[in-house]
Amino acid sequence: MSYHNPYTPPRKSATFDDATLAEIRRAAATGIYDIRGAGTKRKLPHFDDLLFLGASISRYPLEGYREKCDTSVVLGTRFAKKPIRLKTPITIAGMSFGALSGNAKEALGRGATLAGTSTTTGDGGMTDEERGHSEMLVYQYLPSRYGMNPRDLRRADAIEIVIGQGAKPGGGGMLLGQKISDRVAQMRNLPKGIDQRSACRHPDWTGPDDLEIKILELREITDWEKPIYVKVGGSRPYYDTALAVKAGADVVVLDGMQGGTAATQDVFIENVGMPILACIRPAVQALQDLDMHRKVQLIVSGGIRSGADVAKALALGADAVAIGTAALVALGDNDPKWEEEYQKLGTTAGAYDDWHEGKDPAGITTQDPELAARLDPVAAGRRLANYLKVMTLEAQTIARACGKNHLHNLEPEDLCALTMEAAAMAQIPLAGTSWYPGKGGF
């Protein structure tokens, strides 16, 4: 005879929670893996787990309205004849035309230009609108080679060789047929309306030695003018950074697993890669071991949301950051004003991630002409510029409080960690101690 204790409420499993059970049922019903966009939704150690140690007696702060704190950064000083000079260390990450609407790409260019920073093409090539509205445009050179041509390489201000992405290191991207419009198909040399899958590795090299050859080839095509970036996903940051530097990169871009993607397998997004917090210090160590820190610039990305995140990334040793998801939110992505339409799609504002379906009510992650027309690129560009301005001012405020007259003068000594995990990953002492896991002794 079974007996249920009426004083004990039913307990659900922490391992087989509601989301897990729903996914098992979905997989059993469909026989296909789940595809979505955006980034990981699991909780990970992040910049929120670090705090700044502001100045008091032992440190002297800067007066906020009287003493300057420089925010500029120069990228590509190693070999390029024309390095990129930015007013803020916050850049816009690569997001393709195809994944995003033409209006969204134009808005990103407008906003970046107003803020004095750069934006990036993403997979799928360069549009004339994007080039025309971007004062500084980085051209992504991806394994797919979609839209790649020597003319656009020369029209760019920098070239970013993409080896991997934080949301899917070791994996290629997807663009489903409903987003392959006539123009997207023409730019990518694809049939209209047919799903496409980007390659996970470049077709013309098999290792680091070939990367060096490719970098030299791109320098010759562009007369050694353009900085050459190498972008890697956060998995083995020490060795990947070292190999990129030895291959001749001017800039290393390091993307943690909190970074978003247009579309890939959910199992990739949630289970492959490392948090950006765990990636920065090994990459900086590689640069220091090669005597290349600040000579080869380091850009980090993956879940950057505020000026505090920017300041913390720079204090850990980065030269600049890149934002993607946050930039889309600034444009108007997941805006509650479209809540009724999000509800019709079976989701809610703030959770919408079916970017691959091309039904975005905000008109950002879509190729539907009627939906795309909802986004005014001029107004959206201004919103992005405002957001970048606020982030820059926030980072400045923190730097001044730590007594620094340039954001690059922030250093690990200015930080403490709130959790053991963050302390270990960032190699920052636990608050109230001089110790972090792995250091030894208190």
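For what it's worth, our numbering labels the leading residue of the sequence shown as 8, then goes sequentially.
Glycine included, every Cβ here is placed at the ideal spot set by N, Cα and C.
- The DSSP-derived three-state label of Glu-420 is helix.
- The beta strand (DSSP E) runs lying completely inside the stretch 124-178 and spanning 3 residues or more are 144-148, 165-169, given in chain order.
- Fully enclosed beta strand (DSSP E) runs of no fewer than 3 residues occupy 235-240, 258-262, 268-272 of the stretch 227-280, in order along the chain.
- In the displayed model, Thr-98 falls within a strand according to three-state DSSP.
- Rounded to whole angstroms, the Cβ separation of Ala-369 and Gly-331 is 15 angstroms, and the two are not in contact under 8 angstroms.
- When DSSP states are grouped into helix, strand and coil, Arg-204 belongs to the strand group.
- Less than 8 angstroms separates the beta-carbon of Pro-234 from that of Pro-90.
- When the alpha-carbon of Arg-161 is set against those of Pro-176, Met-143, Gly-173, Pro-150, the nearest one is in Met-143.
- Cβ neighbours of Leu-58 within its own chain (closer than 6 angstroms, five residues either side excluded): Cys-423.
- DSSP, read as helix, strand or coil, puts Asp-189 in helix.
- Three or more Cβ pairs closer than 8 angstroms define a contact, and the stretch 182-200 falls short of that threshold against the stretch 252-267.
- Rounded to the nearest whole angstrom, the C-alpha separation of Ala-387 and Leu-335 is 9 angstroms.
- A distance below 8 angstroms separates the beta carbons of Gly-241 and Leu-261.
- When secondary structure is reduced to three states using DSSP, Leu-183 falls in the coil class, being assigned neither helix nor strand.
- For Ala-290, there is no enclosing beta strand (DSSP E); the residue is part of the alpha helix (DSSP H) that begins and ends at 283-296.
- With a cut-off of 8 angstroms on Cβ pairs, the stretch 422-436 is in contact with the stretch 47-61, counting three or more such pairs.
- Per DSSP, Leu-305 is one residue of the beta strand (DSSP E) stretching across 304-308.
- Listed as beta-bridge partners of Phe-59 by DSSP are Leu-422.
- Under the DSSP assignment, Gly-44 falls in the beta strand (DSSP E) whose first and last residues are 42-45.
- Between the beta-carbon of Gly-44 and that of Gly-267 there is about 7 angstroms, and that keeps the pair under the 8 angstroms contact cut.
- If the five residues before and after Val-274 are omitted, its C-beta is found closer than 8 angstroms to the C-beta atoms of Tyr-40, Asp-41, all from its own chain and listed in chain order.
- Judged by their CB atoms, Val-169 and Gln-147 are nearer to each other than the 8 angstroms cut-off.
- Taking a cut-off of 8 angstroms on C-beta distances, the stretch 312-319 touches the stretch 404-423, as three or more cross pairs fall below it.
- Per DSSP, reduced to three states, the secondary structure at Asp-316 is helical.
- Under the DSSP assignment, Ala-327 falls in the beta strand (DSSP E) whose first and last residues are 327-330.
- Straight-line measurement puts the Cα of Thr-271 at about 41 angstroms from the Cα of Ala-408.
- Under DSSP, the beta-bridge partners assigned to Leu-82 are Ile-91.
- Inter-segment contact for the stretch 354-364 and the stretch 292-312 is absent: fewer than three beta-carbon pairs are separated by less than 8 angstroms.
- When the Cα atoms are used, Asp-326 and Ile-97 turn out to be separated by approximately 10 angstroms.
- With respect to the C-alpha of Gly-154, the residue from Tyr-394, Asn-196, Asp-375 having the closest C-alpha is Asn-196.
- Pro-376 counts as exposed, since fewer than 16 other C-beta atoms from the protein chains shown sit within 10 angstroms of its C-beta.
- Between Ala-329 and Ile-166, the gap from beta carbon to beta carbon reaches 8 angstroms or more.
- Taking the Cα of Ala-402 as reference, the smallest distance to any Cα among Ser-313, Thr-426, Leu-323, Ala-392 is reached at Ser-313.
- For His-300, the three-state secondary structure derived from DSSP is strand.
- Trp-362 counts as buried, since at least 16 other C-beta atoms from the protein chains shown sit within 10 angstroms of its C-beta.
- In the same chain as Gly-116, and ignoring 5 residues on each side of it, the C-beta atoms closer than 6 angstroms to its own belong to Thr-126, Glu-137, His-140, Ser-141, in chain order.
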